[in-house]
Structure formats: C-alpha cells, structure tokens
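See below for the structure under consideration.
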Amino acid sequence: MTDKESPQVEGTTREPDSLEQHFPGILTPDEREGFDGYLVAPDKLTEFATRLRDEFGYDYLSSVTGVDYLPDEVMEVVYHAYRIEGGPALVFKTQVPRADPVVPSLVGVWPGADFQEREAWDLLGIRFTGHPNLRRILMWEGFEGHPLRKDWHEAYFEEDAKPFANRWPEGDVYRIEDKIPFGKNVQYPSEFTPEGWIPEGDEGLYAGLGQISNDGDGSSLKTDQLVVNLGPQHPSTHGVFRMVVTLDGETVTDLKPVMGYLHRNHEKIGERNTYIMNMPYTDRLDYLSSMSNNFGYALAVEKLMDIQPPERAEYIRVIMAELTRIVSHLWAIGFLLNDLGAFFTPALYAINERELILDVFEAVSGSRMMCNYFRFGGLARDLPPGTLQTIRELIFERLPRRVDELDIYLTENEIVRSRCIGVGVLSPEKAVAFSAAGPVLRASGIPYDVRRAEPYGIYDRFDFEVAVRYGGDVYDRYLVRLQEIRESIRIVQQAVDDIPEGEIQTGKPIFQVRVPAGEAYGRVENPKGELGFYVVSNGKPNPWRYHIRAPSFINLTALAEMCKGHKVADVVAILGSIDIILGEVDR
Amino acid sequence: MISIVSVAEWIIKSLVLITIILGGFAYLTLFERRALARMQARIGPNRAGPAGLLQPVADGIKLMFKEELIPDRADKVLFVLAPIITVVPVLLLLAVIPLGPDIEIFGQQFSLGLASEIDVGVLFILAVASIAVYGIVIAGWSSYSKYSLLGALRASAQMISYELALGLAIIGPILLAGSLSVADIVADQQRLWYVVLQPIGFLIFLIASMAEINRAPFDMSEAEQELTGGYHTEYSGMKFAVFFMAEYGKMIAVSFVAATLFLGGYWGPFVDRIALLGPIYLFAKVVAILFLMIWIRATWPRLRYDRLMAFGWKILLPVGLLNVVITGGLIVVLNL
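One line per chain: the protein sequences are A and B, in this order. If you read the first sequence in the numbering used here, its first letter stands for residue 8, the second for the next number, and so on. If you read the second sequence in the numbering used here, its first letter stands for residue 543, the second for the next number, and so on.
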C-alpha cells in the first residue's frame, strides 16, 4: 500500500512550492491540522481559477461545496480540481464571513460549477456573484432559510448530533413529535399566510427559457412556443424529475432541468448521524449501486482515520464494486432501450441477469439492494461459504455469454442505431467543462476513469481497459457501458482468482469510531460517474460536514446542451443515456 | 324486398360480428399480455381464473368502476364524443369481410358475412378505417393537455401519410381480382393466395396498417415514454377503456382485412367440401397476424416521429406506386 501512496504524497509536496511561487500573495497553504490545499482570497478567486485552468491544466472541476464553520463565523467554499490526464486533486478554498457570504462564481471558468454553486446557495446561503441563474435547486422556491447551516433547525429538531440523549445510553425513549404536535412545530415568517401564498418559482423558471415566438409578418405563419413540462410525473424521467422544454413543433429549443422533488437533505441527516450511521444512508443515494456508494464513503473516512483494510477485504471490495457496476450498467442499457420504446423486453432480459448478481449481494450482506456491507477498515462480514463459487460461475460462464447476447441483439439493431447515432452529442471540451463524469465523459472521447487516474483500493493491480468512445452521442454511451460491463467481468475474474484468505477487518469492529479532526475527499468511479465524499471532522463522533459529489446530479448540467435542437423523443433517449438515479440527484 | 328472415339474419350476423370484435378485444389483451410475458422471461397474468382466463373480465370490471375524470378546461362534449368516434368505425369494419363460403341451412343459402357482396367493399374498408383518426384528433384537442395535443398532431400526420401507402397496397389485389368487392377478391384466391403474387404489396400493407392503427413500433401518438399517453393521457375509466377497445379492435379488424386480401381469406384445404372449416382457417390466419404484431411490439424500439414520416413518404409511397405500376403492366402484358 505504501508504494501506491508515495506518488500521491510526492505530488502534494511538490505542488505547493511551484504553485505558491506562481501566485504570490494570492495563495496561502491551509495550515489547519488535518487539512490540506490552499486558501485563496475571494477577490482573487476568478483570476486564480482561470490561471489554474489555463496554465496548470486543472481543467476538470470535480466538486464545489460549502462548509459552515459556525464557531469561527466563517463560510468556506471548497473546490476540488483535477487534471483530466489524471493525478491527485488540487484543493483550494476561499473563506468569507458567515454573516454575508459572497463569493465570485466560477461558472465562467468551469461551467460544471453551475448546479453545485446553486446547491451551495440553496443549502448554505452562499451567494455566488456572476452566477447566471442563482436560484434554489433542491429546496422549493419560497423556502425560508438555508438548511445546511449549522444554526438551522429542522421541524422536530431534537439535538445537533446523534445518538440523542433520550435514546442512549439510558434508553428513556420519547420522540419529539409526541411532545410537539403537528402544526405547532412550524414557524411561518410574520405576515405570511399559507393559504394566501402563491408559489412564484415557476415564473422565474419559465422566464429563463429561450423565446421563439414569431408574430408572422405576412410572409410566414404566426407561430408560438409551446412550453411542455416533462415531469415530475412522467414515465421516462426515472423518478420525479422535471424537464421544462420549449418546443418548436417537435423540436426542443430550450430545456431546463428541475430537481429536488425527492430531496431529503441527506447531508444534514449525515451531519447529525455518527460516522457509522451514515453507511446505510449512502446505500440510498444511487440505490442501484449501494456497494460502490459504501466504498466511496468508507474511503473518505478511512483517509481521515488513516487506516487500511486488510488484503482480503480489499479484494472483496473490488469484487462487489465491479459486480455493482455490472448491475447498474445492465439496468441502464435495459432502460435506455425502454426509453427508446422497446417495450420492456431488453430491460427484463437485463434485469434477469441483475437478479443473479443481487443473489450474491444478498448472500454476502443480507440485502439485495440496500447492502450496507462496507465498514471503516474492512467489511461487515466475510463471504459465506460457496459464494465465491457462485460468483465464479456467474462471472466466467453466464455473464460473458449474456453480455454478448445483448450486444448481438441491440448493437446492430437498425432502429437503435437510427435513434441513437448522432443524438445528444457532447463534445470532449464541453464534457470536461461541464464536469461530466463516468460513461458520459468517456463516450465523449475522454478516457478518464478514477480507477486509472487516481487508483484507490487495489485497482492498480488489475489489468483492464478504460472504455472510451469518441462520438459523444447516445449510441457511444451505450457502447461504453457495454464495454465497461466486459471490463468489470475481467476485473472480477482476476480478483476471484487472486483473492487471499485472511481477516476482513482491521482491528476490532467498533461501533463508535474515533475520527481525528481534518478533511478528506474520497472518490470512487461509480457506475454513474465519479462519486465523491467530502468529509470534515472536528474530532467529535459526528462529521462536521458530509458532502456528496453526486455524479447523476452533476451530469445533468450538460443535459440542456445535449438536448437543444433535438426532438422530444430524443430528449427521453438522451436522459436515459445519462442514466440518472433520482435518489442521488436529489439526495 | 326485405323479409323477416333477412332482417333476422342481419341482426344475428351483426351481433356475431360485434361479439367477435368485443370478445376478441378482451381476449386479445390477455393473449398479448401472456405472449409478451413469455417473450420477456416472465409469466404474465395467470391468477384470475384458470390460466388467467378471467383476467379480461377483471380488467373490465376494474375499468368500469374507475372514477371518470374530465379535465376542468376540456371541451366536455367533444371529450365524451371522441372515444365513440374512434370505436364505432372499428365495429363497422368487419361488415364487408366474408367469414366463410356460403352455407346451406334448412334449404336456404346463407353467406357468412354481413355485406361482403357489396361492390365497393374495399373502398368501404378504406373509408371507414380513416374515420377513426378523427376521434383521436378530437380527443387530443378537447383534452386541454399539451401531451394530448402533441399526440393528436402526431396521429393525424401519421395516419394521413400512411393511408396513401395503405391504399396503394390494396390496389394490387383489386387489380388481380378485377373487382372492388371483397367477396370477389376472396373467391379469386381459391387456388393461389395473393401474398404470392403481391409479396411487396403485402409487406407494405402490413407496415402501413400497423402505422395506421398506431401499433409498435409506430405508436408515436401514444408513445408512453415521450408523451405519457399521447391523445388518451387525460382519459380514465370507461372512456379510456373504449379507446383501448378501439385500438385492439382495430388490430383485429386490420388482421381480418390482411388475411382476406392477401392470405386467401377463408380458403384452405377442404373448405370447398366442408364450408364450416372456412371461419376456422380465417381465425387461424388472423391469430397468426395478431401474433406477429405482438411479437414486433416485444422486440422493436419505437421509430422517431420524423423518421417515421420520412419512411412513409420517401420509401413506402414510391415503392407502393412502383408496385401498382408493375402489377398493372404485368396484368396487361400477360393478359391475366
């Protein structure tokens, strides 16, 4: 493990000198214990970011988020930028007073910051000057306050952190809902009557759409734009997701995604929870790939705790993460075909195989979807006897054949080709700029895979190709997924052959882990793209900040770009090819 | 002169034809669901009654007792009228299809078919079939919903463009039989089915009729994944059931027409000796065509709307025209 980490350490020690020399006066190293990266003055942020992108090649902005340091009266915005060629992150932060947090927007430098800055505004109240569309994104318009602030209390607020005193250790259980009846827990702003209130969010939304009306000057017909809401109740949005679409005939002239219908403020819940309590919560993000979600969170917290899982656990982790990828991609391919109008047949054939893998998950974790299998420094339990043999049979015999079968039936299908080729094209430059990740990025010709670019776990030991295609359209995204299934099968084949015997947990499994103060960003290549967990600890049993860089959410930034000029039917296919999971988009 | 016997004959025949469509509709839904399920590695509905045979009854009861919702700003008269306009032509279509050769009961000749001898039977089919699109357009317009409107627009454009190809495909059998009467066309196929002489015509007919009745992969106007339900998005309860009935009724009717015009109608071995075999053969042919439609639905993704239009105008129409020219030329040259 040490030789794997050494280039990373080297990278972080080499970079400061050169960077600080290049930005005298702008940059100061973050010297808090456990923290790394740099602090940048807010007024120099845009200049710094532009030069960072242009001169140092940090063209891929992975994550933007805010942290509310209530005791210091400081709001901090944290950026994680990467080079698309690979390598470690450059973390930089900017601090502003909590009372009036104003930060220049970096949408002009990295368009992928768009949704993430809106999210930071929505949940933390950090205003980004120069942002083209700084509206709430996850909460509803008219929501009062910014819920991720540390002094914001939800309805039925009990305490800042779990376990709540009335439940543990004495066990004198009562729930705050019993003490405050419904209705008394809500405080309205003064002069506000809920009955008389008319939501105003949609006017702002519709006003932002491109107008295409033509009054008809005699020579042409008078036309009008048609604004159609695809969703939130719509069969093809894979959940409660809404696209506001302006139509000219059947052609889409503008599109705005609206999300947040499934928002539960996962991050606030996560900050109330203890560290281990969040593990099952991560299952619910991208609920098709709970194992990989566990992986990302475990990595982040392990970085903070500075522990390593034992060998056998590392192998099992890789096996589970790759099986998850197969599951998720099978689902994605099946439902892409469903979105194209193939009445469930490909989807059900794909789900057929998925069920067999879910059997494996059930055997190892006790649950088919909400696995909750990873622990800090290991796993919840070892593989039960016989499971390895089941995996072996699946991965060496059944799945390769079934993937070939899908390939034969779908890849050359005339209708699939005519519906997918050239539809929803995302150029490589745009894909990087919009912080697209996963198959969406790789189908645009960027061979960026976290497993290769910054290997985590033991991925550096396996022989696999990074699937990449160059067309950037729906068809290429489908092909990338198909190829990734094959590569995942290859990885699992190697892992199953090499897996050693031994422990599956470093030290004793502990319920209440001790996490030293500091920050960590753990990222994994999830089936949907790069999933990042940004965790800040202040040494207490609960994370101070628990942020998720959700690939489904950020991939949607490019949706409008991909859809403009295509037909309504294509929008559905394009959305299907991005493969979003609303549990992760809305969190 | 109209005798009591012939009135009774008409009434009985009409009831039989309507029963074929309605009963056929009910069991076609079951057949489709079971067949689709088998093709999709599922089992399908098998709980209601033996082998799920009561499933259509259960579905019917459910739909009848559903609440009927009419959107607030819908045009209520048209909204109610639309499903009726859609379903009535479907019930009429079978009138001109001969179900079997003439049979003799109590010394009297009866033709198995309501009006199969009328001279313009084929034109009747075309005329009646195209009325159904009005129902769909009216449904889309009166619903006051954007999805419905888009679905109705798609439906009208699609039906108009595919009706041309459909008409051209039917010209082949008309030329070969030298008659517009469906009975004549069937009678002429006793030795050789027209599908042998008109393979391209048959193919065009199948494609165009599937577009005409909005079956997958041409189900643009109700494309669930894009327009939620297209023209019937806002319909519920029995009105929705009537649209559903019209759709499946059209499937059956079109299969009857295809079997009659191209697959020899009721002809098969020994029909000339045992007349009652005729309807059985016809039924088998219809089921085969219906199965083909279900099979196609299970396997193919939907075409895109603009591609569908391009396909209709740029490929089907020219090929259909060419087919007519070649057929006509050959008939003249070979003096058939």
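Just so it is clear, CB atoms sit at the ideal spot from N, CA and C, and this is done for glycine as well.
Using a cut-off of 8 Å between C-beta atoms, extract the partners of residue i located in chain A.
i, result
"P843/B", "L344, L347, G348, A349, N420, I422, V423, R426"
"D848/B", "E257, K574"
Hey, does residue i have any beta-carbon neighbour from chain A nearer than 8 Å?
i, result
"R839/B", "yes"
"A697/B", "no"
"A758/B", "yes"
"Q582/B", "yes"
"V861/B", "no"
Does DSSP classify residue i as helix, strand or coil?
i, result
"E12/A", "Caution is warranted here: a pLDDT of 40 is assigned to E12/A, below 50, making its placement in the model unreliable, and the coordinate value is therefore given only provisionally. Residue state, collapsed to three classes: helix."
"M376/A", "coil"
"R39/A", "coil"
"N301/A", "helix"
"P821/B", "helix"
"N588/B", "coil"
"M327/A", "helix"
"F540/A", "strand"
"G871/B", "helix"
"S70/A", "strand"
"I492/A", "helix"
"G779/B", "helix"
"K100/A", "strand"
"I585/A", "helix"
"S442/A", "coil"
"F785/B", "helix"
"V235/A", "strand"
"T20/A", "Note on T20/A: pLDDT 42, under 50, position unreliable in the model; no value is reported."
"H245/A", "coil"
"E421/A", "helix"
"V180/A", "coil"
"E165/A", "coil"
For a cutoff of 8 Å on Cβ pairs, would you count residue i as touching chain B?
i, result
"K571/A", "no"
"T352/A", "yes"
"L212/A", "no"
"I68/A", "The identity of residue 68/A in the sequence shown is Leu, whereas the question assumes Ile. Not one chain B Cβ lies under 8 Å of L68/A."
"Q15/A", "Per-residue confidence for Q15/A stands at a pLDDT of 41, beneath the threshold of 50, marking its modelled position as unreliable; the derived number appears in the next sentence. Chain B, which has no Cβ nearer than 8 Å to the Cβ of Q15/A, makes this no."
Identify, in the order they occur along the chain, each residue of the same chain with its Cβ nearer than 6 Å to the Cβ of residue i, setting aside the five sequence neighbours on each side.
i, result
"S243/A", "D346, V579"
"L538/A", "G303, V531, P558"
"I673/B", "P631"
"P446/A", "R484, V487, R488"
Name the DSSP beta bridge partners of residue i, please?
i, result
"F135/A", "V110/A"
"S451/A", "BP columns for S451/A are empty, so no partner."
"D255/A", "T258/A"
"R552/A", "V543/A"
"R530/A", "G539/A"
"A5/A", "With chain A represented from 8 up to 594, any question about residue 5/A goes unanswered, as that position is not in the structure."
"R382/A", "G385/A"
"Y86/A", "V71/A, F99/A"
"G525/A", "S544/A"
"K263/A", "V251/A"
Give me the chain B residues within the contact set of residue i, using Cβ-Cβ distance strictly less than 8 Å, ordered along the chain.
i, result
"A339/A", "Simply none; closest approach about 15 Å."
"N549/A", "What N549/A touches in chain B: nothing, since even the nearest Cβ is about 43 Å away."
What residues of chain A sit near residue i, judged by a beta carbon separation below 9 Å?
i, result
"K688/B", "L233, V234, V235, N236, L254"
Grab me the residues of residue i's own chain with a C-beta within less than 8 Å of its C-beta, minus the 5 sequence neighbours each way, in chain order.
i, result
"I581/A", "V430, G431, V481, L566, M569, C570, H573"
"P640/B", "S653, L654, G655, S658, V724, A725, V728, T802, G807, Y808"
"L850/B", "Q700, A753, F760, M762"
"F55/A", "F30, I33, L34, V47, F99"
"I506/A", "R319, Y322, I323, I326, L395"
Residues of chain B with CB closer than 7 Å to the CB of residue i, please, in chain order.
i, result
"N359/A", "A583"
"Y356/A", "A583"
Within its chain, find whatever has a CB closer than 7 Å to the CB of residue i; leave out the 5 residues flanking it on each side and keep chain order.
i, result
"E494/A", "F471, E472, A474"
"D596/A", "Here chain A has residues from 8 to 594 only, and residue 596/A is not among them."
"G810/B", "L819, Y823"
"A637/B", "L559, L656, A657"
"V520/A", "Y282, I283, M312, F383"
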